[in-house]
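> Under our numbering, the residues of the sequence shown are numbered 3 to 154, in order. For glycine and all other residues, C-beta sits at the position ideal for the given N, C-alpha and C. Dropping a structure here in structure tokens format, bear with me for questions.
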Amino acid sequence: MKVIDIYNIYKLLNDAKLTKLADADKFTVIRAMRQLKPIYKELQDAIDDASIKCKPDDWDEQTRRRQEFDQAHGTKRLNELTLGEMNERESIVEYITKYNKDVDECVRDLANQDRETTYTRLTEEAFGKLLESNPDWTMQQILAVADVMTEE
């Protein structure tokens, strides 16, 4: 499984509720998370390091600029912005997008590495209880968790 997939699943499971699962199934999820956590932490640490190292010299100024724009125009719809405001917004978006791409590029090799995982999977019934415990999950989230946490 790719490190980035483990990272995303760990974040999702970390926020998941386990209220409707039987105790044994709760422990199955917890044991799986214990195995995923070091991989999650490795990528999170790499992201944190890259975020610091890739920060441009004018980051604080640009962050202030974005906050001021959001305070002044945050509730406006795009079609309510003037041409000057649209240009300002586009400039801010481009700046942040470039920064995010730089960070992503720094961690891409690690994120795309394959890692072996050997934890116990949930039965279909237990997975159903996990879904009942988390009714706000989207279909994309459900499928991602199913791929990682259910028996094949």
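Hey, would you say Met-3 sits closer than 8 angstroms to Thr-152, going by beta carbons?
No. Outside cutoff.
> Nearest to Asp-106 by CA position, among Asp-25, Pro-40, Asp-47, is which residue?
Among Asp-25, Pro-40, Asp-47, the Cα nearest to that of Asp-106 is on Asp-47.
> With distances taken between CB atoms, is the gap from Glu-83 to His-75 smaller than 8 angstroms?
In the sequence as presented, Glu is not what sits at residue 83; that position holds Leu. Yes, Cβ-Cβ distance for Leu-83 and His-75 is below 8 angstroms.
> What does the alpha-carbon distance come out to for the pair Leu-124 and Asp-51?
Answer to the nearest angstrom: the Cα atoms are 35 angstroms apart.
> Of the residues Ala-113, Leu-20, Phe-29, which one's Cα is nearest the Cα of Ile-41?
It is Ala-113.
> Please return the same chain residues whose Cβ sits closer than 8 angstroms to the Cβ of Lys-57, not counting the five positions on each side in sequence.
Cβ within range, chain order: Tyr-101.
> Entirely within the region 34–102 and at least 4 residues each: give me those alpha helix (DSSP H) ranges in chain order.
Within the region 34–102, the complete alpha helix (DSSP H) runs of at least 4 residues are 61–75.
> Name the residue from Thr-77, Val-31, Ile-98, Gln-73 whose alpha carbon lies nearest to the alpha carbon of Ala-18.
Ranking the options by Cα distance to Ala-18, first place goes to Val-31.
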